[in-house]
Each structure stands twice: as structure tokens, then as C-alpha cells.
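The structure appears below as C-alpha cells.
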Amino acid sequence: MYASLKSIGSYAPSQILTNADLEKMVDTSDEWIEKRTGIKERRIAASDEATSDLGEKAARIAIERAGIEKEEIDLIICATLSPDHLCMPSTACVIAAKLEIHNVMAFDISAACSGFVYMLSLAKAFIESGAKKNILLIGAEKISSVIDYTDRGTCILFGDGAGAAIISATEDKNLAILDVHASSDGRYGDYLITPGCGSKFPCSQETLDNKLNYIKMRGNDVYKIAVKTLTNDVIDILEKNNLDASAIDHFIPHQANFRIIEAVRAKLDFPIEKTVLTVAKYGNTSAASIPMAINDAYEEGRIQKGDLMLLDTFGGGFTWASALVRFGGK
Ligand code: COA
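Numbering-wise, the sequence shown is residues 33 to 362 according to the working numbering.
Okay, here's the thing in C-alpha cells:
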């Protein structure tokens, strides 16, 4: 049995936060943001929308496009750094309840922006071992809930959204997830971190006063390591699979910063037409970034059944991951 990405779906909240809006909030400019990041706008969830609400909407689309009954789903995994609840229940359980899928294995993973590709690795293993047949993966983020909108180093970069996919068992190798590489280096944990409100600095007035519940980032250091790691990771997965960059139909990188994507793309000689770019309109949506990008390309009619996608992502931890995935949907 092989694991196949059978469908994709996504949801972006309707409220748009533009660079012009941010100019009124922090000392920045539309010109600076666009030149340094390629981002023009990002979406922000409504105050009564939680991460699970975004994930549920994306999941419903993925389930419908997969042409399966929700009762056929035997595992739900959600990747998020902005869960509905800090400890429990997991956002996967909340989404399962909203979808009315009861009595199913469901759990969250924490791998920051690499979450979706990490989940592909898990889904591949569950399906190839014969343990599961139809797995719902959701990358969902209400990152605006952990962003300090007075910190110009982070608030310009991130946005809210969700993407989902159904991974199903197939006997057809031409529709399979070929390979997934996932790795980490915890020595860089402090470079991209939400320091407070976990067990190390439990939530208190002091933690909140010091804004330790928000994302802190050493942006320029993250940038340099991201470019190097993403490039090496792509070279590695292509070499291990005896593939040349020309074999790739769609290069779908994590949408953190256009300059990071461009550096990796140019180094590997992927044509721009084969590169999927959504960073201008959504910013960095962390675990939702890759499935939202796949969905955009799918809805534009760019992705066809059997096409080979190369996914590449990097995030807090540090974590990183790449995957070679044939599109198994209609
Ligand atoms: N508006 C205007 N100026 C800003 C600014 C903003 N929003 N943020 C920083 N600056 C200033 C800095 O203060 C600095 O000024 P100085 O030269 O007077 O000291 C200058 O711009 C350059 O700062 P630097 O941090 O070196 O910029 P950069 O080119 O590295 O761009 C990021 C900053 C955050 C856009 C970039 O580092 C980045 O994208 N990092 C990776 C982020 C990422 O991918 N994170 C998630 C990983 S999943």
C-alpha cells in the first residue's frame, strides 16, 4: 500500500490586514515590508473565530473533494502553534467534534511551520504499515492570537488561515507520497520562541506584563539559517531519490518571506512558473502555509493528477522538512 494525497482544501478568514494598516500600528512602511518580505497583506481571524473554526472549514472542503464519507476517516492530526487550548483538549479533538466524527484517533503535533510536512511523514507511515486508510491532516493557525502588534519585527510577517488534506491508501505508486524528510535542531530553540505561558514560565500577571506569551524572533539569524537549511534539504531529497530539479512539476515552499523562497529557487534553478507563491496575500501562516499554497495552485487549475510536487519548509524548533508528493486527487 502507498499513501496518496487525495484532496486539498483551505480557508482564509475574510478580514484583511494590509501593509498600510500596519503603518498605522508600528514604525514601518509598505515599501519596507514589500521589499524585505514580499508580503502585501495577510488575513486575520475574527475575535469569535478560533483555530479549530478555521481548520474545520478547510477540512470540510478536503473531505468533500476526496469523495469519501467522513465516517471513513480513521485518523485526524492537526498541526498548530496556536491551538484552541494550551493543554487540552487538542485542536484535532475539537475539530473532530465540530465535524461530528466521533470515536476516532485524533491528536495535535507541535512542529511550528514544518507541521504539515511532518504530518505527511506520519500519515505515510500509518498508511504503509496498514494501520490506517483515510487520514485527515489539518494545518491551522490563528497566529494573530500570539503576535505582539507593537513588535514590528514579527507583526508584519504572520497571518491566520488553515489548510487540510486527505491522505488515503492506494495501490498506485504513480499517485503516491514518494518520500518525506523531517528533521530538527533544538539548539536553536531560542531563535524563534513563545517563551511564556507553558510550564517553564506559567501564565501569570508578570508573564503577561513582559509579553512572554507572544512570538519572539531573531529575524536576521532565522533568515540566514532558513535559506541554508531549505536549500540543503531540497538538494538532499532530490539526490536520495535520483531526481533532477527538472522532474519537479511544482515547487511549493513554505511561504515565510519571498526573499528566502527566491534564494532557494535560484540556487536550485527551479523556473519561477513552477514555483507556487502565496506569501504576498497571506504572509506566513505557519503550519497552514504549505496546504494553503497547494490549494491555491489546485484551484487555479495548475495542479493535475499525478503531478510531482516538491514541498520544503522550515520553522521554530528549529524544525525543517521536505517531501516529494504526487498529487493523487481529481
Ligand atoms: N519596518 C521597518 N524597519 C524594520 C522593520 C519593519 N517592520 N523590522 C526591522 N526593521 C529595521 C531594523 O530595525 C534594522 O534597522 P537598522 O539597520 O537601523 O538597525 C533594519 O530594518 C534591518 O533589520 P534586519 O532584521 O536585518 O532586516 P532583515 O532584512 O533581516 O529583514 C525580516 C527582517 C524579519 C523580514 C527577515 O529577517 C526575515 O524574514 N527573517 C526570517 C523570518 C522567518 O522566516 N520566520 C519564520 C520562520 S518559519
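Quick reminder that beta carbons are idealized off the backbone N, C-alpha and C, glycines included.
| Item | Value |
| --- | --- |
| PRO115 classed as buried or exposed, judged by whether at least 16 other C-beta atoms fall within 10 angstroms | buried |
| Residue from ASP344, LYS174, SER84 and GLU305 with nearest C-alpha to LYS130 | SER84 |
| Whole-angstrom C-beta distance between ARG219 and THR60, which should lie under 8 Å | Contact doesn't hold; Cβ gap of about 31 Å is too wide. |
| Limits of the unbroken alpha helix (DSSP H) element including SER321 | 321 to 331 |
| Residue interval of the alpha helix (DSSP H) (run including GLU313) | Contrary to the premise, residue 313 reads as Lys rather than Glu in this sequence. Its alpha helix (DSSP H) spans residues 311 to 314. |
| Distance between CYS110 and THR123 (C-alpha atoms, nearest Å) | 7 Å |
| Continuous beta strand (DSSP E) assignments of at least 3 residues falling wholly in the stretch 133 to 168 | 137 to 141 |
| Residue from LYS174, PHE290, ALA298 and ASP301 whose Cα sits closest to the Cα of THR310 | PHE290 |
| Residues near TYR181 by beta carbon distance below 6 Å, same chain, minus five either side | MET57 and CYS187 |
| Own chain, CB closer than 7 Å to SER177, minus 5 neighbours either side, in chain order | SER114 |
| Burial state of MET341 (16 or more Cβ within 10 Å) | buried |
| PHE346 Cβ short of 7 Å to the ligand COA heavy atom set | yes |
| ARG74 - DSSP class collapsed to helix/strand/coil | strand |
| VAL296 versus ILE284 - alpha carbon distance | 11 Å |
| For ARG334, three-class secondary structure by DSSP | coil |
| Residue nearest to GLU332 in terms of C-alpha spacing, selected from LEU343, SER318, GLY315 and VAL308 | VAL308 |
| Reference ILE76, options LYS313, LYS260 and GLU103, closest by Cα | LYS313 |
| Integer Cβ distance of ALA320 from ALA172, believed to fall under 8 Å | 6 Å |
| Inter-stretch contact (C-beta, 8 Å, three-pair minimum) for the stretch 240 to 248 and the stretch 61 to 72 | no |
| Classification of GLN237 by the beta-carbon crowding that lies within 10 angstroms, buried from 16 upward | exposed |
| Spatially closest choice to GLY361 from TRP352, PHE346 and TYR330, by CA coordinates | TYR330 |
| Identity of the residue in ASP192, THR226, GLU101 and ILE269 nearest ALA214 by Cα | ILE269 |
| VAL357 - partner residues in DSSP beta bridges | ILE209 and MET341 |
| ALA111: CB within 7 Å of a non-hydrogen atom of the ligand COA | no |
| Beta-bridge pairing of GLY218 - partner residues as DSSP gives them | Paired residues: none, contrary to the question. |
| ASP192 burial status per 10 Å Cβ neighbour count (16 or more: buried) | buried |
| Alpha-carbon to alpha-carbon, ILE322 and TRP352 | 13 Å |
| Reduced DSSP secondary structure (H/G/I, E/B, other) of VAL105 | Contrary to the premise, residue 105 reads as Ile rather than Val in this sequence. ILE105 falls in the coil class under three-state DSSP. |
| Beta-carbon proximity list for ILE209, same chain, < 8 Å, skipping 5 on both sides | TYR34, ALA35, SER36, LEU37, LEU152, ALA155, LYS156, ILE199, ALA355, LEU356, VAL357 and ARG358 |
| heavy atom of the ligand COA below 7 Å from SER249 C-beta | As written in the sequence, residue 249 is Met, which differs from the Ser given in the question. Indeed, a heavy atom of the ligand COA lies less than 7 Å from the Cβ. |
| Neighbourhood of GLU88 by C-beta distance below 7 Å, restricted to the same chain and skipping five residues each side | ILE127, LYS130 and LEU131 |
| Given VAL149 as reference, the closest of THR261, HIS286 and ILE335 once Cα atoms are compared | HIS286 |
| Alpha carbon of THR263 to alpha carbon of PHE302, nearest angstrom | 12 Å |
| Span of the beta strand (DSSP E), counted from its first residue to its last, around TYR255 | From DSSP, TYR255 is part of no beta strand (DSSP E) but of the alpha helix (DSSP H) over 251 to 272. |
| Buried or exposed (CB count within 10 angstroms, at least 16 for buried), CYS235 | exposed |
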